[in-house]
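For the sequence shown, full-length UniProt numbering assigns the number 1 to the initial residue and increments by one for each residue that follows. Glycine is no exception: its CB is placed at the ideal position from the N, C-alpha and C atoms. Small disclaimer: the values here were computed from a predicted structure and weren't measured.
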Amino acid sequence: MSGGDEKIVSFVQRYDVNHDINEMKNFVEADKPNESRFCPHTNILVDEFNRSIRCRLCGQAMDSFDYLLSLAKKETKLDWELRRLRSEIKKSRENLQNLQREEVNTRARVKTAQFRLNDVNLALHEAGETLIKIKGYHGSRKSVNGKGG
Ligand SMILES: [Zn+2]
C-alpha cells in the first residue's frame with residue numbers, strides 16, 4: 001500500500017466507527033461493482049491462473065458454466081438459423097428451376113409463333129400476288145373490251 005492509500009484507509013477508519021466489525025468476521029461480502037452502464041460482456045478475458053473468466057470491458061467476473069451455457073444456447077440458435085437458411089436455399093433453387101423450365105417453354109412458344117407468323121405472311125403475300133394477277137387479268141379484259149367496244 002502506498003502512503004496515499006494508507007492515509008485514505010485511516011481517514012475511512014476514523015470516519016466509520018464500526019470498521020472493526022468487518023475485521024472480526026470470517027466472511028466479508030465484497031462491495032457491489034458499479035453497474036451504471038450496460039455492458040454486453042462481448043470481450044472476455046480467460047484467466048488460466050485464477051481459473052476464471054472476466055469481461056475485458058467492464059471487469060465483471062462471470063460464472064464459467066453460465067457463460068458456457070450462453071455460448072451453447074447461441075449455437076443452438078445458429079443451428080436453427082442454418083436449418084432455416086438451407087430450407088430457403090432449397091426452395092429458391094426449386095423456384096429457379098421452375099423459372100428456367102418456364103423460360104425454355106416460353107422460348108419454344110415464341111419460336112412456334114414466329115413460324116406461324118411467317119406462314120401467315122407467306123400466305124398473305126401469295127394472296128396479294130394472286131389478287132394482283134386477277135386484277136391484272138380483269139383490267140386487261142376491260143381495256144380490251146373498252147378498245148374493242
Ligand atoms: Zn462487461
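{"Item": "Coil, strand or helix - alanine 113 by DSSP", "Value": "helix"}
{"Item": "Distance CB(residue 179)-CB(asparagine 43) smaller than 7 Å", "Value": "Because the chain in this structure spans residues 1 to 149, residue 179 falls outside the shown range and cannot be described."}
{"Item": "Neighbouring residues (CB closer than 6 Å to any heavy atom of ligand 1)", "Value": "Cys39, His41, Cys55, Leu57, Cys58 and Gln60"}
{"Item": "Every unbroken alpha helix (DSSP H) inside the region 26 to 62 [4 residues or more]", "Value": "none"}
{"Item": "Local conformation of valine 104 per DSSP, three classes", "Value": "helix"}
{"Item": "Helix, strand or coil at asparagine 18 [DSSP, three-state]", "Value": "coil"}
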